[in-house]
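Let me begin by presenting the structure, written as structure tokens, before commenting on it.
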Amino acid sequence: DGGITQSPKYLFRKEGQNVTLSCEQNLNHDAMYWYRQDPGQGLRLIYYSQIVNDFQKGDIAEGYSVSREKKESFPLTVTSAQKNPTAFYLCASSTLTPLNNNEQFFGPGTRLTVL
Amino acid sequence: SQQGEEDPQALSIQEGENATMNCSYKTSINNLQWYRQNSGRGLVHLILIRSNEREKHSGRLRVTLDTSKKSSSLLITASRAADTASYFCATDAETGTASKLTFGTGTRLQVTL
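This is the structure in structure tokens:
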């Protein structure tokens with residue numbers, strides 16, 4: 152059953168704590184992405200990765216960190232430096248082709264709430 | 537930054553009617569994509585239109601692209617209650633690299649029986 156999974160679905164964090172969100176894909180996609188969505192808003196890119204052991208900052212990377220040790224996995228850590236971390240976090244993946252007209256496949260999301 | 541801006545922000549129609557959503561963007565693009573999001577869920581890709589295309593169809597979906605006006609429209613014909621969702625346009629300005637999509641703020645579509 153191919154797809155992209157995220158865990159947990161809901162996550163609660165106390166202020167000052169770091170927390171890691173999981174994202175796994177078995178689509179054999181090279182590229183993976185993390186987005187943040189606030190209520191009634193579109194998605195904003197946090198980080199993305201095109202290849203193992205390499206990643207780039209998106210538009211709102213401050214207070215977040217990622218790793219890409221395996222092709223299938225792209226975990227996101229929300230650090231205590233992130234001022235307003237309560238949001239819906241979405242992970243996505245895509246192929247990479249020379250023309251780059253690629254759709255992204257999204258996971259079901261993780262809703263993070265800071266208490 | 538939010539390059540795409542959808543219009544209207546919210547749309548309520550009856551089943552069987554057509555729904556039209558518009559998207560405007562600011563910079564040159566490689567392609568424009570439309571996604572659908574059911575409440576509290578991930579996004580699902582609907583259709584991609586390349587910068588050299590003007591119109592594309594997929595089932596009950598029709599997408600147009602006017603690069604001179606930097607705008608796109610999504611038409612859903614013969615809408616169904618199951619079409620109730622938020623719809624986002626996303627622009628891809630990069631070539632030869634990972635597709636860094638820039639999403640609009642979305643149109644919330646409500647289809648009533």
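Those protein sequence lines, which keep their order, are chains A and B.
Per the numbering used here, the first sequence starts with residue 152, numbered consecutively.
Per the numbering used here, the second sequence starts with residue 537, numbered consecutively.
Idealized CB from N, CA, C, for every residue including glycine.
In the DSSP annotation of this structure, the continuous segment of the beta strand (DSSP E) that includes Ala546 of chain B starts and ends at 546–550. Here Arg187 of chain A is bridged, per DSSP, to A:Arg195, A:Tyr240.
Judged by beta-carbon spacing, Asn566 of chain B lies within the 8 Å limit of Asp628 of chain B, meaning their Cβ atoms are closer than that value.
If you ignore the 5 residues before and after Tyr184 of chain A, its C-beta comes within less than 6 Å of the C-beta of Tyr199, Ala243, all in its own chain and listed in chain order. Leu584 of chain B has a beta carbon lying within less than 8 Å of a beta carbon in chain A.
Per DSSP, the continuous beta strand (DSSP E) segment holding Lys208 of chain A begins and ends at 205–208. Under the 8 Å Cβ criterion, the region 230–247 of chain A counts as touching the region 156–168 of chain A, having at least three qualifying pairs.
Nearest C-alpha to Thr171 of chain A among A:Gln157, A:Asn179, A:His180: A:Gln157. Against chain B, the CB of Asn252 of chain A has a partner CB under 8 Å away; the residue lies at that interface. Close partners of Arg577 of chain B in chain A (Cβ separation under 9 Å): Phe257, Pro259, Gly260. For Gly167 of chain A, no CB of chain B lies under 8 Å from its own CB, so it is not counted at the interface with that chain.
When beta bridges are read from the DSSP output, Ser245 of chain A appears opposite A:Ala182.
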